[in-house]
Amino acid sequence: EVAKLGRRYVALYNVTEDFFKNNYEDLVEFVRGDGRAALVSVLPAGIYYWVLNVEYVIIDSLGKPAEIATFQIDVGNARRFGIRYVKEDGSEGYPVIIHTAIIGSVERYIYAVMDTAILRKRSGLPPCLPTWLAPVQVRVIPVSSKFLDYAAEVVRVIASAGIRVDLDDRDLSLAKKIREAGMEWVPYCAIVGEREQATRTVNVRIREQGVQKAMTVEELVKMVRKDVEGYPQVPQATPCYLSRRPTLNYLRTT
Numbered sequence: 024e025v026a027k028l029g030r031r032y033v034a035l036y037n038v039t040e041d042f043f044k045n046n047y048e049d050l051v052e053f054v055r056g057d058g059r060a061a062l063v064s065v066l067p068a069g070i071y072y073w074v075l076n077v078e079y080v081i082i083d084s085l086g087k088p089a090e091i092a093t094f095q096i097d098v099g100n101a102r103r104f105g106i107r108y109v110k111e112d113g114s115e116g117y118p119v120i121i122h123t124a125i126i127g128s129v130e131r132y133i134y135a136v137m138d139t140a141i142l143r144k145r146s147g148l149p150p151c152l153p154t155w156l157a158p159v160q161v162r163v164i165p166v167s168s169k170f171l172d173y174a175a176e177v178v179r180v181i182a183s184a185g186i187r188v189d190l191d192d193r194d195l196s197l198a199k200k201i202r203e204a205g206m207e208w209v210p211y212c213a214i215v216g217e218r219e220q221a222t223r224t225v226n227v228r229i230r231e232q233g234v235q236k237a238m239t240v241e242e243l244v245k246m247v248r249k250d251v252e253g254y255p256q257v258p259q260a261t262p263c264y265l266s267r268r269p270t271l272n273y274l275r276t277t
């Protein structure tokens with residue numbers, strides 16, 4: 024999952040001597056399947072409850088290794104906690120337990136997301152969240168109040184696709200609206216004016232790519248839906264119109 028954030032990870036294989044000798048070819052296949060070099064640490068048997076412990080690690084913005092996912096083959100905890108099963112011959116056995124945290128804990132994933140944002144900013148790129156995590160995925164910004172009706176129509180089409188979208192209907196300059204959307208890391212800003220209204224299109228600023236493109240509303244919906252495919256999509260919890268939201272000006276940065 025962390026690879027989808029654009030991060031390169033490395034794998035550390037901690038393995039007991041007996042497991043290494045008896046399953047060498049399988050371990051080689053694991054590494055080949057990952058498509059990158061791995062670090063293997065061979066340890067004496069009997070020290071840990073596992074025979075294989077694979078840690079997936081990234082190098083974070085501080086230059087330190089950070090574990091973001093893991094899986095283990097556990098041969099000790101079933102006996103320790105009295106977990107048994109009945110074999111075909113009627114005797115009892117202790118199962119092997121597989122521990123998996125491929126995505127990692129919520130905290131580890133959020134850490135990786137925010138650390139990636141820090142690295143983007145250091146590289147001169149705008150920090151951003153994955154579109155599926157962004158509280159607002161699309162913000163529609165009319166260049167003036169004359170185009171509010173068309174902007175509202177655009178919002179209705181986008182919202183009907185299950186996308187979290189809002190409309191900046193406030194009496195502010197276009198520059199300030201765009202700036203505030205940037206401060207909130209909104210992934211897509213759809214700007215509408217006279218040309219967009221006449222051609223039934225939107226002018227979209229794509230934060231992650233740092234580009235601006237003209238497209239139809241349907242094309243924008245398709246782009247966002249592709250971004251969030253396979254991820255949970257939670258309904259929007261705030262009013263669609265920004266003018267109807269409570270403001271906490273003391274929390275805003277200059």
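Residues 24 to 277 (the working numbering) are what the sequence shown spells out, left to right. Using N, Cα and C, we set each Cβ at its ideal position, and we do this for glycine too. This structure is a prediction, so every number in the text was calculated from the model and none was measured.
Rounded C-alpha distance that separates residue i from residue j
i: glutamate 90; j: tryptophan 155; result: 23 angstroms
i: aspartate 142; j: threonine 270; result: For the sequence presented, residue 142 should be read as leucine rather than aspartate. If I take the Cα positions, the gap works out to 30 angstroms.
i: valine 119; j: isoleucine 106; result: 10 angstroms
i: isoleucine 133; j: glutamate 111; result: 45 angstroms
i: asparagine 45; j: valine 98; result: 15 angstroms
i: threonine 123; j: alanine 174; result: 46 angstroms
i: serine 128; j: isoleucine 214; result: 37 angstroms
i: serine 196; j: isoleucine 82; result: 42 angstroms
i: glycine 58; j: cysteine 212; result: 37 angstroms
i: threonine 39; j: proline 67; result: 6 angstroms
i: aspartate 49; j: glutamate 115; result: 28 angstroms
i: alanine 34; j: lysine 199; result: 45 angstroms
i: lysine 87; j: valine 63; result: 19 angstroms
i: isoleucine 186; j: serine 84; result: 32 angstroms
i: aspartate 250; j: tryptophan 73; result: 38 angstroms
i: proline 149; j: valine 163; result: 19 angstroms
i: isoleucine 125; j: alanine 60; result: 18 angstroms
i: arginine 30; j: valine 77; result: 18 angstroms
i: tyrosine 47; j: alanine 182; result: 53 angstroms
i: arginine 55; j: valine 65; result: 18 angstroms
i: arginine 145; j: aspartate 138; result: 11 angstroms
i: glutamate 207; j: glycine 69; result: 51 angstroms
i: threonine 277; j: valine 51; result: Only weak support is given to the placement of threonine 277: the predicted model assigns it a pLDDT of 45, under 50, and the value that follows is read from those uncertain coordinates. Approximately 54 angstroms between the Cα atoms of the pair.
i: leucine 75; j: glycine 205; result: 45 angstroms
Beta carbon of residue i nearer than 9 angstroms to that of residue j
i: proline 165; j: aspartate 191; result: yes
i: tyrosine 32; j: tyrosine 79; result: yes
i: valine 257; j: valine 180; result: no
i: asparagine 151; j: glutamate 252; result: The sequence shown places cysteine at residue 151, rather than the asparagine named in the question. No, the Cβ-Cβ distance between cysteine 151 and glutamate 252 is not below 9 angstroms.
i: valine 247; j: valine 209; result: no
i: phenylalanine 53; j: tyrosine 36; result: yes
i: isoleucine 121; j: phenylalanine 94; result: yes
i: leucine 28; j: proline 158; result: no
i: valine 177; j: valine 225; result: yes
i: lysine 169; j: glutamate 217; result: yes
i: cysteine 263; j: aspartate 189; result: yes
i: alanine 135; j: valine 25; result: yes
i: phenylalanine 43; j: isoleucine 96; result: no
i: arginine 223; j: isoleucine 201; result: no
i: arginine 131; j: alanine 92; result: yes
As assigned by DSSP and simplified to three states, the class of residue i
i: asparagine 37; result: strand
i: glutamate 115; result: strand
i: asparagine 76; result: strand
i: threonine 277; result: At threonine 277, the pLDDT of 45 sits below 50, so the modelled position is not reliable and the matter cannot be decided from this model.
i: valine 109; result: strand
i: isoleucine 11; result: The structure shown does not extend to residue 11, since the chain is modelled only from 24 to 277, so the question has no answer here.
i: valine 294; result: Nothing about residue 294 can be read from this structure; the chain reaches only from 24 to 277.
i: valine 136; result: helix
i: threonine 222; result: helix
i: leucine 28; result: helix
i: tyrosine 173; result: helix
i: alanine 260; result: coil
i: isoleucine 120; result: strand
i: arginine 143; result: helix
i: arginine 290; result: The first residue shown for the chain is 24 and the last is 277, placing residue 290 beyond what the model contains.
i: alanine 204; result: helix
Element boundaries [alpha helix (DSSP H), containing residue i]
i: aspartate 83; result: Per DSSP, aspartate 83 belongs to no alpha helix (DSSP H) and is neither H nor E.
i: leucine 195; result: No alpha helix (DSSP H) contains leucine 195, which DSSP labels as neither H nor E.
i: arginine 162; result: Arginine 162 -> not in any alpha helix (DSSP H); beta strand (DSSP E) instead, spanning 161 to 165.
i: alanine 157; result: From DSSP, alanine 157 is part of no alpha helix (DSSP H); its letter is neither H nor E.
Extent of the continuous beta strand (DSSP E) run through residue i
i: lysine 249; result: Careful: lysine 249 lies outside any beta strand (DSSP E), inside the alpha helix (DSSP H) at 240 to 251.
i: leucine 66; result: 61 to 66
i: glutamine 95; result: 88 to 97
i: tyrosine 211; result: 211 to 215
i: valine 54; result: Run containing valine 54: none in the beta strand (DSSP E); it sits in the alpha helix (DSSP H), 47 to 57.
Original post:
Is the number of C-beta pairs between the stretch 257 to 268 and the stretch 227 to 246 that are closer than 8 angstroms three or more?
Top reply: no
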